[in-house]
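Enquirer:
Numbering (my numbering), first residue to last: 6 to 134.
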């Protein structure tokens, strides 16, 4: 049976809370990811998602604003050896689409709804390709 480790992404985008929201959004766009882990040294302090950025844009508070003002502080996490279904339940009940994966206190991956869908449908190719 698959574990979170088997389906998570290990190509992590990390930013610091002191980075500007614009800088973080540009990095997320360049990497084609919907979330960045916000680090304080080696420790996870938050997660910045597309929704957080959308909320900042909707309020008109983007220019010069720091990631720390919009990130989700102390996000829910999952361990790499947990079952994907357990992680999906955490995401569903929490109302979010990205879940940091920690081994001890160290971030080693991120799990997205897309990762879970790939596992569920067993098809990583987009339609028509």
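Ideal placement from N, C-alpha and C gives every residue a C-beta, glycine not left out.
Considering just the uninterrupted stretch of the alpha helix (DSSP H) at residue 55, what are its terminal residues?
Expert: Note, residue 55: alpha helix (DSSP H), 55-64.
Enquirer: Expressed to the nearest angstrom, what Euclidean distance is found between the alpha-carbon atoms of residue 81 and residue 53?
Expert: Going from the Cα of residue 81 to the Cα of residue 53 covers about 13 angstroms.
Enquirer: Measuring CB to CB, does residue 12 end up less than 8 angstroms from residue 86?
Expert: It is not a contact, given that the beta carbons lie outside the stated cut-off.
Enquirer: Is DSSP giving residue 33 helix, strand or coil here?
Expert: Helix.
Enquirer: Can you tell which of 50, 51, 72 has the C-alpha that lies nearest to the C-alpha of residue 59?
Expert: Cα-wise, what sits closest to residue 59 is 72.
Enquirer: If you follow the beta strand (DSSP E) that residue 40 is part of, which residue opens it and which one closes it?
Expert: Here the beta strand (DSSP E) through residue 40 covers 40-45.
Enquirer: Quick one: using the 10 Å Cβ neighbour count with 16 as the cut-off for buried, is residue 126 buried or exposed?
Expert: Looking at its Cβ environment, which holds fewer than 16 other Cβ atoms inside 10 Å, residue 126 is exposed.
Enquirer: Helix, strand or coil, according to DSSP, for residue 68 in the structure here?
Expert: Residue 68 falls in the coil class under three-state DSSP.
Enquirer: Could you give the residue range of the alpha helix (DSSP H) that holds residue 89?
Expert: First-last of the alpha helix (DSSP H) with residue 89: 89-99.
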